[in-house]
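A.B. asks: Have a look at this one before I ask anything.
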Amino acid sequence: MTAINWYVYDLYHSATYLGWINFVRLIPIALFSVYAGKLCDLYPRIKLMKSYSFWGLVVTTVLAIYVVFITPSFFIFLLFSFVRGIISALETPNRNTILSDIDTNQQISKLISMNSFVMNVCRSTGPAVAGFLIAGGHIELTFMMQAVCSLIAFILVLPMKDRTMKKRKEKKKASWEQIVQYFSHDTMGKNIFMASMITMAFGFSYTSVLPVLVSHQFTGKAEVFGIAMSAAAIGAIIATIILPRILEYISEIKIYYMSLLLFSISIALLVISNTFTFFILLFSIGLFGQLLRSSNRVYFQNNVREEERGLMLSVVLMDRGMIPLGSIVVSYAIEYVGISETFVMMGILCIIPFVFQYIKVKKQNRKVKNVVHSK
């Protein structure tokens, strides 16, 4: 996606086009996540993973061939992004549910961290390599390397075999009633889910318009974009390493809300036009953004029943479906308000759930003190 985002902006110089690219890439999350959760509750998850990996390879290879021989139109990029988004929407809940299947020692937080660690290692190297290749005028090679990496990923999943799943109760048909019932009993889970929806919409959508900010603040330096994305990924890697240890002393709920605060502040400060500061802020965004997401996943892995895990995790992961909506809103805001003002606005919007939770906790503490004093 580093190559596509930069290539589209380089061809059309439009933040709105970037918004639409990321909209069609991520909207399948909202459309197919519940269905994906139902699939991984009903069918062998390893077979599903192999299928998703194969189709990801096919789509990525077709795009690479197309870019090498023909300059793709904007429609082709939209089509590719949408199809790739469907595959990702189906694959992500399945992969996260597999983690609970192999959790034999009640160490789900470590498994989540290991999974995130591997993914973020790839995210740290990929954007940096892509940035330097693009800066050197080798955009076609960037897409070809992506196809090769997809082939390697497919080969790696081939030897995997389905493990014997934990015995489950008879499955109910996936329904919104089940989802509503769960959140009606888990108020904290509902608050975290709603906060994540807002954060994904106006925080994590920063990746879709980051090329615009880089172009505005560091004109003609495509490598800055790649290094910036790598800085964020390195921060995320460190988060995956330290999270299991932090969880020994601090609950995932406290980690979630403190990370939300620091993530929001870092987003707002990205408007500072200093290369070193810019990289530090991207590192912070990666660090606290990963702590934010991982503590979210740990909470629901620990609090959802086994027979509903696929369905509920697919719903929880639907928060990523807010990114395309945020991308569209943010891209239009850039056109009409300005790039710096938009990033400050994003930080302020992301911090709102933290403020509400802080006020709520203060009120609860005040009530407890009043009860104690009355006795």
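Going by the working numbering, the first residue of the sequence shown is number 3, and it counts up by one from there.
Backbone N, C-alpha and C define an ideal beta-carbon position, used for all residues, glycine too.
Between the alpha carbons of residue 41 and residue 279, how many angstroms are there, rounded?
C.D. replies: Residue 41 and residue 279: Cα-Cα distance of roughly 44 Å.
A.B. asks: Would you mind working out which of 97, 114 and 65 sits nearest residue 304, comparing C-alpha positions?
C.D. replies: Of the listed residues, the one whose Cα sits closest to residue 304 is 114.
A.B. asks: Could you spell out the range, first to last residue, of the alpha helix (DSSP H) harbouring residue 146?
C.D. replies: Per DSSP, residue 146 belongs to the alpha helix (DSSP H) from 141-159.
A.B. asks: In whole angstroms, what separates the C-alpha of residue 242 from that of residue 291?
C.D. replies: Each residue's Cα considered, the two are about 11 Å apart.
A.B. asks: Assign residue 201 to buried or exposed, taking buried as 16 or more other Cβ atoms, counted over all protein chains shown, within 10 Å of its Cβ.
C.D. replies: That one is buried.
A.B. asks: For residue 297, count the other beta carbons within 10 Å of its own beta carbon; 16 or more makes it buried, fewer makes it exposed. Which is it?
C.D. replies: Residue 297 comes out buried.
A.B. asks: Using only CA atoms, which one of 316, 355 and 363 lies nearest to residue 31?
C.D. replies: Among 316, 355 and 363, the Cα nearest to that of residue 31 belongs to 316.
A.B. asks: Ignoring anything shorter than 4 residues or poking outside the stretch 41-122, list the alpha helix (DSSP H) runs there in chain order.
C.D. replies: List check, alpha helix (DSSP H) in window: 47-71 and 76-103.
A.B. asks: Rounded to the nearest angstrom, what separates residue 240 and residue 117 at their Cα positions?
C.D. replies: If I take the Cα positions, the gap works out to 13 Å.
A.B. asks: What does a CB cutoff of less than 6 Å around residue 58 pick up in its chain, not counting 5 residues either side in sequence?
C.D. replies: Result list for residue 58: 89 and 152, in chain order.
A.B. asks: If we call anything under 7 Å between Cβ atoms a contact, is residue 268 one with residue 287?
C.D. replies: The answer is yes: Cβ separation under 7 Å.
A.B. asks: Is the stretch 67-74 touching the stretch 14-34 in the sense that three or more CB pairs, one from each, lie closer than 8 Å?
C.D. replies: Counting Cβ pairs under 8 Å, fewer than three are found: no touch.
A.B. asks: Let's test the definition: count the other Cβ atoms within 10 Å of the Cβ of residue 183 and tell me whether it reaches 16, buried, or not, exposed.
C.D. replies: Under this definition residue 183 is an exposed residue.
A.B. asks: In three-state terms, what does DSSP make of residue 220?
C.D. replies: Coil.
A.B. asks: For residue 19, which residues of its own chain have a beta-carbon under 6 Å away from its beta-carbon, when the five flanking residues on both sides are left out?
C.D. replies: 10, listed in sequence order.
A.B. asks: What's the call for residue 186, buried or exposed, on a 16-neighbour Cβ count within 10 Å?
C.D. replies: By the neighbour-count rule (16 or more Cβ atoms within 10 Å), residue 186 is not buried but exposed.
A.B. asks: Does the contact criterion of 3 or more C-beta pairs under 8 Å hold for the stretch 348-360 versus the stretch 45-52?
C.D. replies: With a cut-off of 8 Å, the stretch 45-52 and the stretch 348-360 do not count as touching, because too few Cβ pairs lie within range.
A.B. asks: State the CB to CB distance for the pair residue 335 and residue 347, rounded to an integer number of angstroms; the pair is presumed to be in contact (CB under 8 Å).
C.D. replies: Rounded, the Cβ-Cβ distance is 7 Å, consistent with contact.
A.B. asks: What distance in whole Å lies between the Cβ atoms of residue 332 and residue 344, which are believed to be in contact at a cut-off of 8 Å?
C.D. replies: With a Cβ gap of about 6 Å, residue 344 and residue 332 count as contacting.
A.B. asks: Could you give the uninterrupted runs of the beta strand (DSSP E) lying entirely in the stretch 203-249, keeping only those of 3 residues or more?
C.D. replies: If we require 3 residues or more, the stretch 203-249 turns out to have no beta strand (DSSP E) run fully inside it.
A.B. asks: Please give me, in chain order, every unbroken run of the beta strand (DSSP E) with length at least 3 that falls completely inside the stretch 280-348.
C.D. replies: Within the stretch 280-348, no complete beta strand (DSSP E) run reaches 3 residues.
A.B. asks: Quick one: what does DSSP say residue 367 is sitting in, helix, strand or coil?
C.D. replies: DSSP places residue 367 in helix when its eight states are reduced to three.
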